[in-house]
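The sequence shown lines up with residues 648 to 1018 when you count with our numbering. Structure first, then comments.
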Amino acid sequence: GQCAAICPTGAITIKNDLDALWEDLYDDDTIVVAQIAPAVRVALGDEFDIPKGTNVMGKIVSALRRMGFDEVYDTATGADLTVIEEARELMAKLEKGDNKLPLFTSCCPAWVRYAEINHPELLDNVSSCKSPMEMLGSVLKERAKLNEKGKKPKKTKVVAIMPCTAKKYEIHRDDMTYGDEPTIAHSITTVELANMIREAGLRFEEIMPEAVDMPFGIASGAGIIFGVTGGVTEAVIRYVMGEEARYHLADISFTGVRGFDGLKEVKVPYKDGELSIAVVSGLKNAENLIQKIQSGEVHYDFVEVMACEGGCIAGAGQPFVVDRAKPERSAGMYEADRMSNVKLSAENPVAEALYNGLLAGDKAHHLLHYK
Ligand code: SF4
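Quick look at the structure:
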């Protein structure tokens, strides 16, 4: 409404978002499916006096079930699909000798919007991949459609729990639809989730952790580190290196992808040469880099851009604490990666099953790309 028109971040519409979501949760004819972004799990604890950076994923899953969500999944599973699709897109461009390099990432809606407004000349360089949230959303909607065939169709609504206020805008883009409706019905922030937990009267500190649902219950560590600056790049490097990556995980982490510098530059061996990669966070840093690329001062094959300095762990929807608890939250992300038994997106059995089933043929392009 009018509020949304004057408040670009959507903050004023928050109350309405939550009311509509509660209505869906109470409606027996609606199946409400949640997905939780990587960065949320290492920040929500700040709202409940849990030590900074603690991974509370399991507690979030049980809290959502108690609030009436029917199924709960991990957006990191969607991130595995993004890594696969984006790495394939990059490799195809390199193979073709495409002059539209570097390939810029497209998972941050604030960056994509910035490029659309300020650098339309770069749009062919921006990846055609949807964000992990939209990829997993499309898969969940498609599966619901296939399951509902012949039965009394229940309405499946996908709810995304995100570190980000720009995601509220992303879900209403014309190119992020499933059929004639937005793929994602509601996008709520980490802070809003904390408020819902309080409204529901749950004692979050005491809740016992539970595992996410199958069949999409598996995400690789590569998918999880999407939440921190450099994470997408590290995940893509693991993919591009193939099985070899398994033996070089530590080396990859020391290439310079990690840490909070606004601009990081990485070289990775690829075929007979090497890939030149830049990782930027913060739109000012992105603009400086674009100027240098366009003046010919620097050349890259791949550029990761996150609008928030430090990446999604420091998103505008996260609990506001000193320095956004970046060191602790990023440590929490990398620990989740170390503890995960699948490190490479391509080795996620869920992704493999999807490519052989629901995403077979041209469905992968249709469901996972926005252009
Ligand atoms: Fe949202 Fe910031 Fe992450 Fe971009 S970097 S997706 S704006 S939280």
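Glycine residues also receive a C-beta, built at the ideal position from the N, C-alpha and C atoms. From a predicted model like this one, the values you see are computed outputs, not experimental measurements.
Minimum Cα-Cα distance from Met782 among the listed residues Ala723, Glu890, Leu769 and Thr837 corresponds to Ala723.
DSSP places Val806 in the strand class (E or B) of the three-state scheme. Annotated as proximal: Met780 and Gly725, with beta-carbon spacing under 8 Å. Per DSSP, reduced to three states, the secondary structure at Val708 is helical. In the three-state scheme derived from DSSP, where H, G and I count as helix and E and B as strand, Phe751 is classed as strand.
Looking from the CA of Lys990, the closest CA among Leu748, Leu750, Ala813 and Ile871 belongs to Ile871. Under the three-state reduction of DSSP, Glu828 is assigned to strand. Contact annotation, Leu668 with Ile835: C-beta distance approximately 7 Å; criterion of less than 8 Å satisfied.
Inter-residue distance for Val805 and Asp664 is about 14 Å (C-alpha atoms, whole angstroms). The C-beta distance from Ala993 to Ile731 rounds to 6 Å, short enough to meet the 8 Å contact threshold. Taking 7 Å as the cut-off, the C-beta of Trp758 counts as close to a heavy atom of the ligand SF4. Counting C-beta pairs closer than 8 Å gives three or more between the segment 696–716 and the segment 851–865, which meets the contact rule.
In the displayed model, Gly920 falls within a strand according to three-state DSSP. By the criterion of a C-beta distance shorter than 7 Å, Ala892 is surrounded in its chain by Arg885, Ile899 and Leu991, once the five residues flanking it on both sides are discounted. Membership of Val679 in the beta strand (DSSP E) is indicated by the continuous run Thr677 to Ile683. Contact annotation, Leu711 with Ala681: C-beta distance approximately 5 Å; criterion of less than 8 Å satisfied.
With a cut-off of 7 Å, the C-beta of Lys740 is classified as distant from the ligand SF4, since no heavy atom of the ligand falls inside that distance.
Residues of the same chain with a CB within less than 8 Å of the CB of Ala858, apart from the 5 flanking positions on each side, are Gly705, Val708 and Gly864 in chain order. Counting of Cβ neighbours within 10 angstroms places Asp827 among the exposed residues, the total staying below 16.
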